[in-house]
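Novice: Got a structure for you, questions after.
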Amino acid sequence: MWAASVFAGRGGRYERSDLSETGMARNCRPVVHKGMEALQALGLTPSAEALLVRLMQHPETSPTDQDPVEELITLGLVEQIDGALVVRPPRLAMDALAERHTKQAALARESADLLTELWKSAAGRQDYLEILPTYAASQAVLNSVQKDAQEHVRAMTMGNLAARELKIVEGMFDALDRGVRYDVIYGAHVLQDGNALHMVQSCIEAGEQARVFPHVPLNITIVDDRWALVGARAEVRRGPEFVALVVHDSPLLRGLERIFEALWRIAVPITSGTELNDVTAGPSLDAKRLLTYLSAGLTDESIAREFGVSERTIARRIGRLQEALGAQTRFQLGVQASRQGWL
2 MWAASVFAGR GGRYERSDLS ETGMARNCRP VVHKGMEALQ ALGLTPSAEA LLVRLMQHPE
62 TSPTDQDPVE ELITLGLVEQ IDGALVVRPP RLAMDALAER HTKQAALARE SADLLTELWK
122 SAAGRQDYLE ILPTYAASQA VLNSVQKDAQ EHVRAMTMGN LAARELKIVE GMFDALDRGV
182 RYDVIYGAHV LQDGNALHMV QSCIEAGEQA RVFPHVPLNI TIVDDRWALV GARAEVRRGP
242 EFVALVVHDS PLLRGLERIF EALWRIAVPI TSGTELNDVT AGPSLDAKRL LTYLSAGLTD
302 ESIAREFGVS ERTIARRIGR LQEALGAQTR FQLGVQASRQ GWL
């Protein structure tokens with residue numbers, strides 16, 4: 002029996018009682034140093050790694066298991082000389098291994114290019130378009146946006162085309178924490194549900210810039226001016242089917258960006274204090290009347306006489322309308338009211 006004492010091995014520690022008389026580890030759970038994790042990442046098994054460390058510390062070690070020996074010999078980390086295992090300088094072996102991996106990576110890239118060309122040739126599609134025929138495929142790409150985005154995500158949503166509920170995209174809050182800017186336009190009907198508006202407000206509190214527009218034409222997510230995900234329903238014989246497109250750098254991507262920016266300019270800002278009625282309800286009769294007077298060019302004094310209130314009250318009402326429509330000036334208020342169908 003071995004007396005219990007700490008014995009160094011595999012870049013960590015073994016208990017002496019866990020060593021056989023040959024000096025090999027048995028039923029042990031070593032602590033791995035970070036420097037050795039790279040070997041396992043390159044495919045070296047734990048038993049081969051343990052043997053390598055043992056040979057470095059005790060060259061006279063004679064292992065009984067040949068599998069880890071073969072691993073180390075194959076990688077060029079050890080060699081057999083006169084029946085004994087000798088550790089080779091690891092730098093040479095690791096450089097050779099790195100070179101093999103580099104060549105394999107280059108071959109994989111070349112294969113990807115070739116397969117892409119074959120796919121385009123067979124499918125007859127433009128190289129800047131990828132079709133995602135299912136909701137699951139598009140959702141996987143949408144979730145990857147949060148990890149792929151580096152600076153800016155622009156999106157507009159008419160709602161989830163394959164599900165009834167609005168959901169926060171997985172990983173979005175992490176991206177906001179990384180400093181990624183999010184500008185999102187929501188269709189007004191998307192926010193007719195109080196729970197949906199609550200989720201949007203939580204996104205705003207996390208840093209999202211949000212606006213609402215009455216009729217968002219389609220779902221678009223644009224990532225760093227590099228690519229976009231476009232979603233729509235396709236009508237087929239067996240019923241509606243979800244179809245999405247990935248649009249890479251191209252004139253089409255530039256066009257989608259211009260569509261977003263045009264809608265962003267006229268959409269109404271949403272804040273964390275926005276109420277459900279602010280989003281879903283149209284103007285009251287008094288608000289429509291006030292807007293009509295303003296568009297006709299009446300002064301505040303004249304409008305106040307028509308309503309039978311003070312000019313100060315009229316100014317406050319106009320201010321509330323400007324805030325509701327995201328207008329900085331009265332001219333912008335008239336433009337926004339017209340675009341929203343309030344006039």
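So the mapping is simple: the numbering used here equals the position in the sequence shown, first residue as 1, plus 1. Cβ coordinates follow ideal geometry from the N, Cα and C atoms, glycine included. Please read all numbers here as calculations on a predicted model, not as lab measurements.
Can you confirm whether the segment 52-63 touches the segment 73-80 when touching is taken to mean that 3 or more C-beta pairs between the two stretches lie within less than 8 angstroms?
Specialist: Between the segment 73-80 and the segment 52-63 there are three or more inter-stretch CB-CB distances shorter than 8 angstroms, so the stretches are counted as touching.
Novice: Three-state secondary structure (DSSP) at Arg155?
Specialist: Position 154 of the sequence shown holds residue 155. Strand, per DSSP.
Novice: Can you say whether Arg313 is buried or exposed, counting buried as having 16 or more other CB atoms within 10 angstroms of its CB?
Specialist: Here residue 313 refers to the residue found at position 312 of the sequence shown. Exposed.
Novice: Along the chain, where does the alpha helix (DSSP H) containing Arg351 start, and where does it finish?
Specialist: With the chain represented from 2 up to 344, any question about residue 351 goes unanswered, as that position is not in the structure.
Novice: Give the list of continuous beta strand (DSSP E) stretches no shorter than 3 residues that lie fully inside the segment 196-227.
Specialist: 210-214 and 220-224
Novice: Return yes when the Cβ of Tyr183 is within less than 8 angstroms of the Cβ of Val154, no when it is not.
Specialist: Walking along the sequence shown from the start, residue 154 turns up at place 153. Walking along the sequence shown from the start, residue 183 turns up at place 182. Yes, they are a contact pair.
Novice: Under the DSSP definition of a beta bridge, which residues are partnered with Ala229?
Specialist: Reading the sequence shown from its first residue, position 228 is the one you call residue 229. For Ala229, which the question treats as bridged, DSSP gives the partners Ile223 and Val248.
Novice: Let me know if Pro218 comes out buried or exposed under the rule of 16 or more other beta-carbons within 10 Å of its beta-carbon.
Specialist: Here the question's residue 218 lines up with position 217 in the sequence shown. Classification for Pro218: exposed.
Novice: Report the three-state DSSP secondary structure of Ser296 (helix, strand or coil).
Specialist: By one-based count along the sequence shown, residue 296 stands at place 295. Here Ser296 sits in helix by DSSP.
Novice: Could you spell out where the alpha helix (DSSP H) holding Ile317 opens and where it closes?
Specialist: Working through the sequence shown from its first residue, we reach residue 317 at position 316. Checking the sequence, you will find Arg at residue 317 rather than Ile. Unbroken alpha helix (DSSP H) run through Arg317: Glu312 to Leu326.
Novice: Cutting at 7 angstroms between CB atoms, please list the residues of its own chain near Ala328, excluding the five before and the five after it.
Specialist: Here residue 328 refers to the residue found at position 327 of the sequence shown. Result list for Ala328: Leu334 and Gln337, in chain order.
Novice: Return the first residue and the last residue of the beta strand (DSSP E) that Gln140 is part of.
Specialist: For the purposes of this step, residue 140 is taken as the residue at position 139 of the sequence shown. From DSSP, Gln140 is part of no beta strand (DSSP E) but of the alpha helix (DSSP H) over Tyr136 to Asp149.
Novice: Between the Cα of Leu326 and the Cα atoms of Ala138, Thr272, Ile304 and Val231, which residue gives the shortest distance?
Specialist: Translated into positions along the sequence shown, residue 326 becomes position 325. The shortest C-alpha separation from Leu326 is found at Thr272.
Novice: When you compare the CB positions of Ala156 and Ile221, do they come within less than 8 angstroms of one another, or not?
Specialist: Locating residue 156 in the sequence shown gives position 155, counting from the first residue. Locating residue 221 in the sequence shown gives position 220, counting from the first residue. For Ala156 and Ile221, yes; Cβs fall inside 8 angstroms.
Novice: Among Pro252, Val231 and Arg321, whose alpha-carbon lies nearest the alpha-carbon of Glu131?
Specialist: Position 130 of the sequence shown, counted from the start, is the residue given in the question as residue 131. When only C-alpha atoms are compared, the closest one is Val231.
Novice: Using three-state DSSP, classify Arg92 as helix, strand or coil.
Specialist: By 1-based counting over the sequence shown, the position of residue 92 is 91. It is helical.
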